[in-house]
Amino acid sequence: MLALVLISLFTEAPPSAAPQLKPLGIDCIYVAPDAVAAWTAAGACAKPLPAVTKLPAPGVQYRMNVASASNAPWVNSNGWQYVRGLKNTAFVDAPNPVLAAAEAHAYGVDAILKVAPKDWPKYAEAVKLIAGIPASRLPVLANIGFVDDGSSAAGENLNLLVRRNLLFKVVSAPDPSLAVNVKPESGDPSKYAYEVRQKLGDDRRLLRIYGSDVVIARLQGDASGRRVTLLNYGNRNVEGLRVRLLGRFPKLQLTSSAGPVEARDLTVTSETTEFSLPLVPSYTVIDLKP
Amino acid sequence: MRRRSFLTLPPLAASAAAAAINADLPKYRVESVYKPWANPGMPGAFRGRVASVHAPKSIDVPTETVDVPSVQEMMSRGMLSLTGEKELRSAWRRFVEPNDVVGLKVNCSGAPGICSHPVVVAETVRQLIATGVKPTNIWIYERFKDQMDSVGYHKYVPESVHILAASALRDALNGYDPKTYVEVDFFGEEDTRSNMIRQVSENFTKIINIPNMKDHGASGVTGCLKNIAYGNFHNVARSHRFEKTNTFSFIGTLAMVEPVRSRTVLHLMDGLKGVWHGGPFSPTKDFRFYPAKMMFGTDPVAMDRILLDIIEEQRQSKGAVSVWNRSPEHLIKTGERKSGPNWNRFIREPGHIEYAGTLGLGEYDKKKIDFRTITL
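Residue numbers (my numbering), protein chains in the order written: chain A, 9 to 298; chain B, 247 to 622.
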């Protein structure tokens, strides 16, 4: 599924920036329709921007919780929109092109990223990283069924389920094969997500993250193994993360946007696998085998 | 949002302060492979005994300059009084052996205004070395690097003594033991684990606790128990939200986790300076006071019981509300900007000390505390 993802670049820069593309390995870009001719004349492969669904920049905002000494991070994730499905190709504002590219890749969707020329090298690195990640055809794993009615309240519910790492599938009707099925509810989405979590129970969660509020995980798997993708929405690397999976998977292979990173403190029991990552950059992919 | 469950630990004995909230304790799960010693360090060899040394010359109040010879004398007299030994070497040998790896748990949460004073820490290091402990086996440690750096302990101790901050960044999990933790859901937070500092579980054979004498907005006071509990674990600030704090039961629960409970063999409470309101921080001198005291013991409950009286007495002398005051009238509401000694951000939980006593960490009943005082 992830092998099919296409990440592309859109720019509003003038055609004079064209010579920067080839050295970075960027073959073709999207531009505004009325700019195609000028970019082509400048020697670039430029295509007009197709119909797109605009999405905000993924990232995090730190907001002081008035009642606590700690900062309460607010994660801006497009995950819930990717899971729900988009009408057109995703068009993402990407001040952090690595995260934006990784997010689209993790959710298996094509995306056009709006990247400033100063960040083109990072974009190129991200595309290269994603191209180097071994393809996976493993199905997405979830044990919560979310009966989506398409409402805005449902969207808020989905957003919080994603941000709380509560692994769900969007279903048209309750799926008895899943541990829990839930319907949308209006009101406080954080409270909703917590109630879903309580309904499932932490012990039955297929995956848990300890050590950060700004890392969102995706999980794929079948009898042959698991793939965990970790998206760090924060402004800096997370220094230390513990991951807990249901199931026994003693063999790990890791790809990271920070280069070589090794998992530590692997603990495997008959029921669970846990490991630590000393560094979690924008994107980490972990393949596990039994 | 909150999980309301009964604690899987012994119930608290009846007391006016604690009974009202006893039925509302979170459910804790402790994960540790470390077994308790036959005689754990807390409450240790001197349960219920507290030696207190007062030396008016130990600190010059206007300048806050600490007099090194006075501190050395205080520590010498305090250790002898605590142990009943005649020789200082024998007193220290009650707690450490030459081959020990010793962690000195300092408190830097109010640094640089107030912290475990470098002179006290340096004298502790000097005594450990004199007892035969290698400087390379001495670790001065705290959780947060920025706080620790503001003190500069390295300037006061031999170069080969280690200075360790568990977290270079505030929320970094590196530096903590992934296999030793307390799991609890206080308010529906996603990360429900609080892991122990890795050096504590894997390296240190003994821990000496060096807290301050401070008021604390959440726990009422912060002395031995708070420093050895919250100061040794990650992800503990989650225990407070809005006016509610879970310090009542969390402090004792954390202090009970092995190997902290067994290896913490001595508490040297630095009361040269103190904070009577606004703790644990002390950015200005507004709420500082100068007891010019140090307390010595192995029983953190007994020592903190004495500390409660010291802070309460100071607050009373300043006309501040009691640390036991739980009235909503004195709580700062969300969005309000109020300050001063009669305003509380949290419903304080000084009952955490008695609660820790019921877990077996020490003696709370003042009638049973052998309080030995010396004035130099």
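Virtual Cβ for every residue (Gly too), placed ideally from N, Cα, C.
What does residue i reach in chain B if we use C-beta pairs closer than 7 angstroms?
| i | result |
| --- | --- |
| Glu164 (chain A) | By Cβ distance, chain B contributes nothing, its closest Cβ being about 17 angstroms from Glu164 (chain A), past 7 angstroms. |
| Tyr38 (chain A) | Simply none; closest approach about 37 angstroms. |
| Tyr70 (chain A) | Those within 7 angstroms of Tyr70 (chain A) in chain B number zero; the least Cβ separation is about 11 angstroms. |
Starting from the C-beta of residue i, find all residues in its chain whose C-beta is less than 7 angstroms away, skip the five residues before and the five after it, and write them out in chain order.
| i | result |
| --- | --- |
| Pro537 (chain B) | Met459, Gly517, Gly520 and Ile556 |
| Ala21 (chain A) | Pro125 |
| Thr48 (chain A) | Ala54 |
| Ala266 (chain A) | Asn245, Leu287 and Pro289 |
| Tyr427 (chain B) | Glu277, Arg439, Ser440, Asn441 and Met442 |
Looking at residue i: is its Cβ nearer than 9 angstroms to the Cβ of residue j?
| i | j | result |
| --- | --- | --- |
| Pro526 (chain B) | Val569 (chain B) | no |
| Ala98 (chain A) | Tyr131 (chain A) | no |
| Val148 (chain A) | Ile15 (chain A) | no |
| Pro64 (chain A) | Asn84 (chain A) | yes |
| Gly219 (chain A) | His486 (chain B) | no |
| Leu554 (chain B) | Glu319 (chain B) | no |
| Asp156 (chain A) | Val188 (chain A) | no |
| Ala29 (chain A) | Ala43 (chain A) | Reading the sequence as shown, one finds Leu at residue 29 (chain A) and not Ala. Not closer than 9 angstroms, so no. |
| Met442 (chain B) | Asn420 (chain B) | no |
| Ala119 (chain A) | Val106 (chain A) | no |
| Leu254 (chain A) | Val269 (chain A) | no |
Could you check the C-alpha separation between residue i and residue j for me, to the nearest Å?
| i | j | result |
| --- | --- | --- |
| Pro257 (chain B) | Ser495 (chain B) | Reliability fails at Pro257 (chain B), whose pLDDT of 40 lies under 50, so the model's placement of it is uncertain and the value that follows must be treated cautiously. Pro257 (chain B) and Ser495 (chain B): Cα-Cα distance of roughly 11 angstroms. |
| Arg618 (chain B) | Gly330 (chain B) | 11 angstroms |
| Asn167 (chain A) | Asn86 (chain A) | 8 angstroms |
| Lys472 (chain B) | Gln228 (chain A) | 42 angstroms |
| Met515 (chain B) | Ile599 (chain B) | 15 angstroms |
| Tyr610 (chain B) | Gly603 (chain B) | 6 angstroms |
| Pro574 (chain B) | Arg551 (chain B) | 25 angstroms |
| Gln373 (chain B) | Pro381 (chain B) | 11 angstroms |
| Val314 (chain B) | Val365 (chain B) | 7 angstroms |
| His113 (chain A) | Pro66 (chain A) | 13 angstroms |
| Glu504 (chain B) | Gly524 (chain B) | 31 angstroms |
| Arg509 (chain B) | Ala566 (chain B) | 37 angstroms |
| Gly317 (chain A) | Arg256 (chain A) | Beyond the ends of chain A as shown, which are 9 and 298, falls residue 317 (chain A); an answer cannot be given. |
| Pro27 (chain A) | Ile37 (chain A) | 13 angstroms |
| Ala77 (chain A) | Pro23 (chain A) | Model confidence at Ala77 (chain A) stands at a pLDDT of 39, short of 50, so the residue's coordinates are unreliable and nothing is read from them. |
| Ala45 (chain A) | Ala25 (chain A) | 14 angstroms |
| Ile386 (chain B) | Pro184 (chain A) | 56 angstroms |
| Ala75 (chain A) | Tyr422 (chain B) | Note that Ala75 (chain A) has pLDDT 40, beneath the 50 cutoff, so the model's placement of it is unreliable and no number is given. |
| Thr237 (chain A) | Gly287 (chain B) | 44 angstroms |
| Arg583 (chain B) | Phe488 (chain B) | 14 angstroms |
| Val13 (chain A) | Thr19 (chain A) | 20 angstroms |
| Phe341 (chain B) | Ala139 (chain A) | 59 angstroms |
Checking the sheet assignment: what are the DSSP bridge partners for residue i?
| i | result |
| --- | --- |
| Ala54 (chain A) | A:Ile37 |
| Tyr291 (chain A) | A:Leu239 |
| Leu63 (chain A) | A:Val100 |
| His513 (chain B) | B:Asn455 and B:Gly543 |
| Trp82 (chain A) | A:Gln69 |
| Val521 (chain B) | B:Lys460 and B:Arg534 |
| Trp385 (chain B) | B:Gly349 and B:His408 |
| Ser413 (chain B) | B:Phe390 |
| Asn441 (chain B) | B:Tyr427 |
| Leu17 (chain A) | A:Leu121 |
| Asn492 (chain B) | None; Asn492 (chain B) has no bridge partner. |
| His486 (chain B) | B:Thr491 |
CB-CB under 6 angstroms to residue i, same chain, minus the five flanking residues each way: which ones, in chain order?
| i | result |
| --- | --- |
| Leu169 (chain A) | Phe176 and Ala201 |
| Asp616 (chain B) | Gly294 and Arg295 |
| Val347 (chain B) | Asn383, Asn449, Phe450 and Thr451 |
| Val68 (chain A) | Pro81, Val83, Val222, Tyr241 and Gly242 |
| Val482 (chain B) | Ser440 and Tyr476 |
| Met394 (chain B) | Cys354, Glu388 and Ala411 |
| Ala291 (chain B) | Thr544 |
| Ser316 (chain B) | Ala301, Lys303 and Ser304 |
| Gln560 (chain B) | Trp522 and Phe535 |
Beta-carbon within less than 8 angstroms of residue i's beta-carbon, same chain only, minus the 5 sequence neighbours each way: which residues are those?
| i | result |
| --- | --- |
| Pro358 (chain B) | Ser396 and Val397 |
| Arg92 (chain A) | Asp156, Gly163, Leu166 and Val178 |
Find the residues of chain B that neighbour residue i, judging by a C-beta separation of less than 8 angstroms, and give them in chain order.
| i | result |
| --- | --- |
| Leu249 (chain A) | Leu419 |
| Arg172 (chain A) | Glu436 |
| Pro286 (chain A) | Asn420 |
| Tyr200 (chain A) | Near Tyr200 (chain A) there are no residues of chain B at all, since even the closest Cβ is about 11 angstroms away, more than 8 angstroms. |
| Tyr115 (chain A) | Chain B residues near Tyr115 (chain A): none, gap ~20 angstroms exceeds 8 angstroms. |
Kindly list, in the order they appear in chain B, the residues whose Cβ is closer than 9 angstroms to that of residue i.
| i | result |
| --- | --- |
| Thr275 (chain A) | Pro424 and Lys425 |
| Asp221 (chain A) | Asp417, Glu435, Glu436 and Asp437 |
Can you pull the chain A neighbours of residue i, defined as C-beta to C-beta under 8 angstroms?
| i | result |
| --- | --- |
| Ala475 (chain B) | Going along chain A, no residue has its Cβ under 8 angstroms from Ala475 (chain B), so there is no contact; the nearest lies around 17 angstroms. |
Starting from the beta carbon of residue i, find every residue of chain A whose beta carbon is closer than 9 angstroms, and list them in chain order.
| i | result |
| --- | --- |
| Ala414 (chain B) | Glu247 |
Say the cut is 8 angstroms; is the CB of residue i nearer than that to a heavy atom of the ligand FMN?
| i | result |
| --- | --- |
| Lys136 (chain A) | For the ligand FMN, the structure offers nothing, since it holds no ligand at all. |
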